[in-house]
Each structure stands twice: as structure tokens, then as C-alpha cells.
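Undergrad: All residue numbers for the sequence shown refer to our numbering, where the first residue is 24 and numbers rise by one. Cβ coordinates follow ideal geometry from the N, Cα and C atoms, glycine included.
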Amino acid sequence: MAALAERGVTSLPPLGFVLGSGLGGLADEVEDAVAIPYRDIPGFPVPSVAGHSGRLVVGKLEGRRVALFQGRGHYYERGDARAMFVALETFKRLGGGVLFLTNAAGGLHTDWRPPALAAIVDHINFAGANPLIGLPTDERFVPLTEAYDRELLAALKSAARRADIDLHEGVYMWFSGPSFETPAEIRAAKILGADLVGMSTVPEVLIARYLKLRCVAASLVTNFAAGLSGGDPSHKETQEVAALGSQQFRRLLRAFIAARDEKD
């Protein structure tokens, strides 16, 4: 892609990360970094949400080349479930193989006190939108039995143990946003088996699996979901708590990177 080649980026590393709300600080730790604003890359989203810088950062962490998507496009911004399609397709075409998705999420367990960390083991698409609708080939019939790669999940849990980080695990339910969930919706989410709720990640997993990328994902729990505490959730709270928990999250991601083989 010309916009990347002009900055000297002709290939991308096998390992990439999508950094969610308030979690973009990892990009500031990258060595030998090349940072390209999304607005300069045709087809990439231009995020309108605070906490999403909108940059592709390529460089080294823990001695390994990585690609960081600093911020994402959300379905609720423009009603486009394919907001991240071109970005992830570019990652795949230029060498990507493993995609680590991160987000800030609401927690459905009162003993997961923010800022807790949780690995995502599966998801529920409560929003109902799907970025694969309308794609022209039979490749759109993507199996999701193992949407979240078991080997990568095991590696993430192992990294957490080595770094002495408490890591919960659970099912993430995607709501479209931008409004937060009602207490009734949270009660329904619990009945359906959700442990986390949020407004992102699932469209990207669907796109990534369509592109045959392997996926692993984790949430930073920034608030108790609606009806589980006395206050109302807010994006301001999400950012503030994400800032408190981001150092721990970055430690987890760096431990994961350090343990990966160069080939993936």
C-alpha cells in the first residue's frame, strides 16, 4: 500500500494489536517506531472517540517487531460494522498472522473490581450487526467454534502467571452503543452467559476470522455494568479507570510478546 511504503513500511510483522479505549499508551513504548495517522491511509477509519488516537505504529517491543493499531473505528460512530475491515485486511496482506484485540469493558461480576483484567474466551453478538453481510463469496460463512484461538489463550494465561498478574476469563457480549446498557439488558446478559459487556471487538474478530487471522483478546474492566453499583457508567469513567489499569495491561501484553516465537 502506497501510503505505508512512502513511510518505509513495505511489510507488517506477524503480530498485531488493536488498542482500545485509554489503552493506546503501549504505542508510546515502541522502539524504532514508525507512526502513520489513519487519516493518511486510504480506507482506515478516523476515530471520533476520546482515547483513540487513530495511528498505525510499527516498531519493536521486547525485541520483536509488532504492529499496533492505536485506536479503532466503532460501529456506533457511523453505523459501519466494517469500520476496521481495510485496516485488518492491510495487516493480513502485508504479513500479519496473529491479532491481539483489547478493549475497555463493563464487568458483570462484583468481585472483578475495576481495573481488573480478563481474557475473552468467547463472545455473544447482542448487537446483531455483522461485517460479513454482503461480502460476495462463500468465504463469508465463517465458522466461529474457535473464534478465540486456544493456543493463544493458553499463552496469554501463561504470560499472566509469569508476570504475576491476576487474569480472569469470560464471555464478552457486544452491544452496539453508543448508549450504555440498561439494568434489564445486563440481567439478560447474565442469563445468556456473559461476563463482560462492551461496544467493540466482536466486529473485528469476525473480520479477522474471515481473513484467517488467529485471534486472542482481553478486556480491562473499567466499571461495573449498569445496575450493579450505585452510579451510572460513563465514557469519562472508562478513560479514567483505563488510565489506572493501563500499566498492568501493558505489562501483560509485553509478557505475551516476549514469549512468542518469531514466526507468529
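Check each candidate in Gly216, Ala240 and Gly200 and name the one with the smallest Cα separation from Leu11.
TA: The requested residue 11 does not occur in the structure, where the chain is confined to residues 24 to 287.
Undergrad: Kindly identify the DSSP beta-bridge partner or partners of Trp197.
TA: Answer is Asn148 and Gly221, bridged to Trp197.
Undergrad: Quick one: measure Cβ to Cβ for Ser44 and Asn126, integer angstroms, because I've assumed they're closer than 8 Å.
TA: 7 Å
Undergrad: Quick one: complete beta strand (DSSP E) runs, 3+ long, within the region 33-82?
TA: 38-42 and 54-60
Undergrad: Going by DSSP in three states, Phe272 sits in which element: helix, strand or coil?
TA: Reduced to three states, the DSSP call for Phe272 is helix.
Undergrad: Kindly list the residues whose CB is nearer than 7 Å to the CB of Gly344, restricted to its own chain and excluding five residues on each side of it in sequence; keep chain order.
TA: What the structure shows of the chain is the stretch from 24 to 287, and residue 344 is not part of that stretch, so it cannot be assessed.
Undergrad: In this structure, does DSSP put Glu162 in helix, strand or coil?
TA: It is helical.
Undergrad: Going by DSSP, which residues form a beta bridge with Ala240?
TA: According to DSSP, which records beta bridges pairwise, Ala240 is partnered with Leu124.
Undergrad: Whose C-beta lies closer than 7 Å to the C-beta of Leu192 among residues of the same chain, with five residues either side of it excluded?
TA: In the sequence as presented, Leu is not what sits at residue 192; that position holds Glu. Ala141, Ala142 and Val144.
Undergrad: Taking all protein chains shown into account, do 16 or more other C-beta atoms lie within 10 angstroms of the C-beta of Ser71, making it buried, or fewer, making it exposed?
TA: Exposed.
Undergrad: Ignore the nearest five residues each way along the sequence and tell me which others in Arg87's own chain have a CB closer than 6 Å to its CB.
TA: Shown here for Arg87: same chain residues with a beta carbon closer than 6 Å to its own, the five before and five after excluded, namely Ile280 in chain order.
Undergrad: Grab me the residues of Ala178's own chain with a C-beta within less than 8 Å of its C-beta, minus the 5 sequence neighbours each way, in chain order.
TA: So the list reads Val239, Phe279, Ala282 and Arg283, once near-sequence residues are dropped.
Undergrad: Please state whether the Cβ-Cβ distance between Val228 and Ala170 is less than 8 Å.
TA: Contact: yes.
Undergrad: What does DSSP give as the partner residues of Glu192 in its beta bridges?
TA: Ala142
Undergrad: Any idea which residues DSSP pairs Gly130 with across the strands?
TA: Leu219 and Phe247
Undergrad: Using a threshold of 8 Å, state whether the C-beta atoms of Gly129 and Gln93 are closer than that.
TA: no
Undergrad: Would you mind giving the Cβ-Cβ distance between Val167 and Lys180, rounded to the nearest angstrom? I have them listed as a contact below 8 Å.
TA: A small correction: the amino acid at residue 167 is Leu; Val does not occupy that position in the sequence shown. Not really, about 21 Å apart at Cβ, beyond 8 Å.
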